[in-house]
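Under the UniProt record's numbering, the first residue of the sequence shown carries the number 1, and numbering increases by one thereafter. Note that the Cβ used here is the ideal one computed from N, Cα and C, for glycine as well. From a predicted model like this one, the values you see are computed outputs, not experimental measurements. Have a look at the structure below, then the notes.
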Amino acid sequence: MLVIPVYIIAAGPAFDNETRKADEPLQYMVVTDANRLSLMVYSRDPHIFFQKYNKDVLEFMEKKGFGGRVFWNSPRPIYQGPDCEWPSEKEVFARRVLKNQELAERSKNGTAEPTMSGMPLADMLRDPKKTLERLVGTQGH
1 MLVIPVYIIA AGPAFDNETR KADEPLQYMV VTDANRLSLM VYSRDPHIFF
51 QKYNKDVLEF MEKKGFGGRV FWNSPRPIYQ GPDCEWPSEK EVFARRVLKN
101 QELAERSKNG TAEPTMSGMP LADMLRDPKK TLERLVGTQG H
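In structure tokens form, the structure reads like this:
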């Protein structure tokens, strides 16, 4: 399993190591990785975030080199409203168990070939040729 550490580069409003939870609850945080290839903004309530904090966060990200200069770390909203359908805990657990059983079976049969991780950039960095072959579908041609 590939583990990529993430870094909280901002939290707000005006949240730091001295802020107590009772003073001002955390409303949002800006997260990236060590190479600044990814960018995520998590908010407690998206509506409040866009009304109160979006402008300041966009300015912060622009100052830090995010936001429009390169496609992979430019902010894009992702809808995750109350009408989104999420799998139950049992379904998530079942998927993990099935995946682990499949990998164990492949390993036992000697057919274990590393599968794509679902993170194309990480796969590309690990093995560019094989990733491109899988994405384009030109294996063995």
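- Using a Cβ-Cβ distance cut-off of 8 Å, the segment 4-13 and the segment 33-48 are in contact, since at least three pairs of beta carbons, one from each stretch, lie closer than that value.
- Here the C-alpha atom of S107 lies approximately 24 Å from the C-alpha atom of L125.
- Beta-carbon to beta-carbon, I48 and Q80 are separated by about 15 Å, too far to satisfy the 8 Å threshold.
- For a cut-off of 8 Å, the C-beta gap from A10 to F60 is around 6 Å, short enough to register as a contact.
- Spanning the alpha carbons of P25 and F50 requires a straight line of approximately 17 Å.
- The C-alpha of R76 lies about 17 Å from the C-alpha of K63.
- For L37, the three-state secondary structure derived from DSSP is coil.
- In the three-state scheme derived from DSSP, where H, G and I count as helix and E and B as strand, V97 is classed as helix.
- For V6, the uninterrupted beta strand (DSSP E) run begins and ends at V6 to G12, by DSSP.
- DSSP lists G12 and S43 as the bridge partner or partners of Y28.
- Put simply, the backbone Cα of Q101 is about 47 Å away from that of K55.
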